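2 protein chains.
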Amino acid sequence: MDIQSPYLMFLGDVHDQLAAKTATGVVHWRRGDCIGQVRFENCGADLGLEDMDIAAGKAAGARTLVIGAVNPGGVLPDHWVAAIVEALEAGMDVASGLHTRLTSNETVAATAKRLGRRLFDVRHADGTFPTGKGTKRTGKRLLTVGTDCSVGKMYTSLAIAAELRARGVAADFRATGQTGILIEGTGVSVDAVVSDFISGATEGLSPDNDPDHWDIVEGQGSLFHPSFAGVTIGLIHGSQPDALVMCHEPTRKKMRNVEHPIPDIRKCIEAHVEAARLTNPDVRCIGVAVNTSALDDVGATDCLKSIEQETGLPTVDPVRTGVARLVDALP
Amino acid sequence: MDIQSPYLMFLGDVHDQLAAKTATGVVHWRRGDCIGQVRFENCGADLGLEDMDIAAGKAAGARTLVIGAVNPGGVLPDHWVAAIVEALEAGMDVASGLHTRLTSNETVAATAKRLGRRLFDVRHADGTFPTGKGTKRTGKRLLTVGTDCSVGKMYTSLAIAAELRARGVAADFRATGQTGILIEGTGVSVDAVVSDFISGATEGLSPDNDPDHWDIVEGQGSLFHPSFAGVTIGLIHGSQPDALVMCHEPTRKKMRNVEHPIPDIRKCIEAHVEAARLTNPDVRCIGVAVNTSALDDVGATDCLKSIEQETGLPTVDPVRTGVARLVDALP
Numbered sequence: 003m004d005i006q007s008p009y010l011m012f013l014g015d016v017h018d019q020l021a022a023k024t025a026t027g028v029v030h031w032r033r034g035d036c037i038g039q040v041r042f043e044n045c046g047a048d049l050g051l052e053d054m055d056i057a058a059g060k061a062a063g064a065r066t067l068v069i070g071a072v073n074p075g076g077v078l079p080d081h082w083v084a085a086i087v088e089a090l091e092a093g094m095d096v097a098s099g100l101h102t103r104l105t106s107n108e109t110v111a112a113t114a115k116r117l118g119r120r121l122f123d124v125r126h127a128d129g130t131f132p133t134g135k136g137t138k139r140t141g142k143r144l145l146t147v148g149t150d151c152s153v154g155k156m157y158t159s160l161a162i163a164a165e166l167r168a169r170g171v172a173a174d175f176r177a178t179g180q181t182g183i184l185i186e187g188t189g190v191s192v193d194a195v196v197s198d199f200i201s202g203a204t205e206g207l208s209p210d211n212d213p214d215h216w217d218i219v220e221g222q223g224s225l226f227h228p229s230f231a232g233v234t235i236g237l238i239h240g241s242q243p244d245a246l247v248m249c250h251e252p253t254r255k256k257m258r259n260v261e262h263p264i265p266d267i268r269k270c271i272e273a274h275v276e277a278a279r280l281t282n283p284d285v286r287c288i289g290v291a292v293n294t295s296a297l298d299d300v301g302a303t304d305c306l307k308s309i310e311q312e313t314g315l316p317t318v319d320p321v322r323t324g325v326a327r328l329v330d331a332l333p
Numbered sequence: 003m004d005i006q007s008p009y010l011m012f013l014g015d016v017h018d019q020l021a022a023k024t025a026t027g028v029v030h031w032r033r034g035d036c037i038g039q040v041r042f043e044n045c046g047a048d049l050g051l052e053d054m055d056i057a058a059g060k061a062a063g064a065r066t067l068v069i070g071a072v073n074p075g076g077v078l079p080d081h082w083v084a085a086i087v088e089a090l091e092a093g094m095d096v097a098s099g100l101h102t103r104l105t106s107n108e109t110v111a112a113t114a115k116r117l118g119r120r121l122f123d124v125r126h127a128d129g130t131f132p133t134g135k136g137t138k139r140t141g142k143r144l145l146t147v148g149t150d151c152s153v154g155k156m157y158t159s160l161a162i163a164a165e166l167r168a169r170g171v172a173a174d175f176r177a178t179g180q181t182g183i184l185i186e187g188t189g190v191s192v193d194a195v196v197s198d199f200i201s202g203a204t205e206g207l208s209p210d211n212d213p214d215h216w217d218i219v220e221g222q223g224s225l226f227h228p229s230f231a232g233v234t235i236g237l238i239h240g241s242q243p244d245a246l247v248m249c250h251e252p253t254r255k256k257m258r259n260v261e262h263p264i265p266d267i268r269k270c271i272e273a274h275v276e277a278a279r280l281t282n283p284d285v286r287c288i289g290v291a292v293n294t295s296a297l298d299d300v301g302a303t304d305c306l307k308s309i310e311q312e313t314g315l316p317t318v319d320p321v322r323t324g325v326a327r328l329v330d331a332l333p
């Protein structure tokens, strides 16, 4: 998968900003590569980009139309198809984060085939993968883990990769979810991989590299989440991280979509480190990344200080404080 | 999935007995439901059943042709298709443990559709599954776990279910792999489920039941196997076992197909129990099942005694000693 930028961001007529969450993430991290947005009448979301139609996007240099909006059910509405076909006719590829595959729409599939354009269904994982081997690879790896889903693993990973590159260290962000894949232009939607191949797909995502190169692998789920721990442990074993960063949302009481409480953060760190030792006995948790967006400034400062005391690890909020202290702590 | 017996076992012309491993397992556990075997010239395997052709199998009452043999690459050889079509024409369904789906062969698929017969590709998991919820269900559950893959989890599970039923206790074997599914006639090939849904698929496999009913869930992999731990933890969380049985092969030095050593059995028990506490805080490991087939009688007796001392748990070989002591230890 190699999604070409610049991107033309397609929002269609989604009802609200939440439905454009994926697109918002892409624009946040790759604003310079997002040249405009395509919005229908009644669209309730806005990415802060110039509004344009497909033709104007093409004239401005767009190479891929990115469908970063989700409408109810994740299906592809019939009235979006004409714009997608127009983009294909104009010479663009199309990338989509919808549950419904672009390739399952006959008109879209036939048009892409006829014109030799590429369709990227980034929520799916269509390649074939080997089973994981657990063999040590060269290069260094960091994996973000968490006390729950949706606690900032992707943001933290991107921020660490950016900080490393700003310091002149070779580093790649390795995307494992749809938004990350659209941001990076490549990656594997690991939770869509068949169970037998989770760790194998993750091994392929961060292959042998130069000894000083860092792969910053986007984590998913939590070992303590009863829905998704399988994805998490496959990512842990496959990425064989040298460093873990624990991500946390301090105001949440229950894990996402289940009745289970958020685990104790120290116990959570221990369990993730213990699991990671299987494929890298030298792994350490080097810090904590807290999403304090629900707290005011004073509350956030207190929260970070408290978690830092509790864990004995550098504790940051990637948005409020940046991740420099995490990068300082890398082996 | 509801595969109807009696079975007519199809071996085709596989080279040796190992290629008929799945069929051998089915015949071992359901001999009374296997009415014959279909073998071509040069077939190197023998299930000890009466040889017959499709017509004779039909006349003897076969309702499903079971392809329990694997040829190189797991593909469906062209010269097997005529026999499969003949079985469909004769009124049988067809169940297959091959990697290649029956439904991917146009002739087989078209014939089945025309005649209204069912094709079961038991190595695949074609249903849609919800994500796991971790909500406590009624009834009791036992899950077999292991120090590695292929250490006897299926055999141990079937033996425990049989022992329970022999004692008049309501019990079901819940199959999670291809051989188990062919034996039971239903189940989910959990390692073929998309990662996001491992625990959800497992929850569906052992639904709410009577308070005294036992589901004996077939385990897969090991938390310490770098290829398959994701499948294992999904099974652990989804089956929310009251009891675990640790399965072990005492002569193996490395885990299957990787360079990792077999884990210490006490550490392995602790890790599996700890993971299982997430969805059932009362879970206990109630015993150890050892496959001593590589040892002589004296060696086997010494081995079982040694592991029993080391773990403090009832330790049996399901084949040599039976599983009565494990069933005695159930809560």
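Chains as they are written, first to last, in my numbering: chain A, 3 to 333; chain P, 3 to 333. The beta-carbon is built from N, C-alpha and C at its ideal position, and this holds for glycine as well. It should be emphasised that the depicted structure is a prediction, and the values quoted were computed from it without experimental measurement.
Excluding the five sequence neighbours on either side, which residues of its own chain have a C-beta within less than 6 Å of the C-beta of residue i, listed in chain order?
i                  : result
Lys-142 of chain P : Trp-216, Asp-244
Thr-181 of chain P : Thr-24, Gly-27
Gly-136 of chain A : Thr-281
The alpha helix (DSSP H) with residue i in it runs from where to where?
i                  : result
Leu-328 of chain P : 326 to 330
Thr-234 of chain A : 231 to 241
His-30 of chain A  : 23 to 32
Lys-271 of chain A : Before going further, note that residue 271 of chain A is Ile rather than Lys in the sequence given. Here the alpha helix (DSSP H) through Ile-271 of chain A covers 267 to 278.
Cys-305 of chain A : 299 to 313
Arg-254 of chain P : Run containing Arg-254 of chain P: none; DSSP gives neither H nor E here.
Arg-176 of chain P : No alpha helix (DSSP H) holds Arg-176 of chain P; the beta strand (DSSP E) holding it covers 173 to 176.
Thr-181 of chain A : 180 to 186
Ile-218 of chain P : Here Ile-218 of chain P belongs to no alpha helix (DSSP H); instead the beta strand (DSSP E) covers 216 to 219.
Ile-200 of chain P : 200 to 207
Leu-166 of chain P : 155 to 168
Val-16 of chain A  : No alpha helix (DSSP H) holds Val-16 of chain A; DSSP gives it neither H nor E.
Arg-116 of chain P : 108 to 117
Check the C-beta distance from residue i over to residue j and give it rounded, since I have them as a contact under 8 Å.
i                  : j                  : result
Ala-47 of chain A  : Ala-71 of chain A  : 7 Å
Leu-100 of chain A : Gly-76 of chain A  : 5 Å
Pro-8 of chain P   : Arg-65 of chain P  : 6 Å
Asn-293 of chain P : Val-153 of chain P : 6 Å
Ile-372 of chain A : Arg-32 of chain A  : Residue 372 of chain A lies beyond the residue range present for chain A, which begins at 3 and ends at 333; the question has no answer from this structure.
Val-233 of chain A : Gly-170 of chain P : Not a contact, Cβ separation roughly 41 Å.
Ala-291 of chain P : Val-260 of chain P : Contact doesn't hold; Cβ gap of about 22 Å is too wide.
Val-147 of chain A : Cys-249 of chain A : 7 Å
Leu-117 of chain P : Leu-90 of chain P  : 6 Å
Asp-95 of chain A  : Gln-6 of chain A   : 6 Å
With a threshold of 7 Å on Cβ separation, who are the neighbours of residue i within its own chain once the five nearest residues in sequence on each side are excluded?
i                  : result
Glu-312 of chain P : Ile-267, Arg-268
Arg-103 of chain A : Asp-123, His-126
Arg-254 of chain P : Asp-150, Ile-264
Cys-305 of chain P : Pro-252, Val-292, Thr-294, Leu-297
Ser-282 of chain P : Just to set this straight, residue 282 of chain P is Asn in the shown sequence, not Ser. Contacts found: Gln-242, Pro-243, Asp-244.
Ala-84 of chain A  : none
Val-190 of chain A : Ala-127, Thr-178, Ala-203, Leu-207
Identify, in the order they occur along the chain, each residue of the same chain with its Cβ nearer than 8 Å to the Cβ of residue i, setting aside the five sequence neighbours on each side.
i                  : result
His-262 of chain A : Phe-226, His-227, Pro-228, Lys-256
Gln-222 of chain A : Cys-151, Lys-155, Thr-178, Gly-179, Val-192, Asp-193, Phe-230, Val-233, Thr-234, Leu-237
Ala-277 of chain P : Leu-225, Ile-235, Ile-238, His-239
Val-275 of chain A : Leu-246, Val-285, Arg-286, Cys-287
Asp-53 of chain A  : Gly-38, Gln-39, Val-40, Arg-41
Tell me which residue opens and which closes the beta strand (DSSP E) that residue i is part of.
i                  : result
Ala-291 of chain P : 286 to 292
Met-3 of chain P   : Premise fails: Met-3 of chain P is in no beta strand (DSSP E) and is neither H nor E.
Arg-143 of chain P : 142 to 148
Val-247 of chain P : 245 to 250
Leu-121 of chain A : 121 to 123
Just checking, does the segment 13 to 29 of chain P make contact with the segment 303 to 320 of chain A on the three C-beta pairs under 8 Å criterion?
-> Flag = no, the segment 13 to 29 of chain P and the segment 303 to 320 of chain A do not touch.
Which residue spans inside the segment 82 to 106 of chain P form an unbroken beta strand (DSSP E) run of at least 3?
-> If only complete runs of 3 or more residues are kept, the segment 82 to 106 of chain P shows the beta strand (DSSP E) at 95 to 98, in order along the chain.
Could you give the uninterrupted runs of the beta strand (DSSP E) lying entirely in the segment 35 to 72 of chain P, keeping only those of 3 residues or more?
-> Restricting attention to beta strand (DSSP E) runs no shorter than 3 residues, the segment 35 to 72 of chain P encloses them at 36 to 41, 66 to 69, ordered along the chain.
Is there contact here, the segment 190 to 201 of chain A with the segment 193 to 200 of chain P, by at least three beta-carbon pairs under 8 Å?
-> yes
Could you tell me whether the segment 159 to 166 of chain A touches the segment 154 to 166 of chain P, using the rule of 3 or more Cβ pairs below 8 Å?
-> no
Hey, is the segment 206 to 216 of chain A in contact with the segment 202 to 213 of chain P, meaning 3+ C-beta pairs nearer than 8 Å?
-> no
Evaluate contact between the segment 108 to 118 of chain A and the segment 24 to 36 of chain A, counting only Cβ atoms and requiring at least three cross-stretch pairs below 8 Å.
-> no
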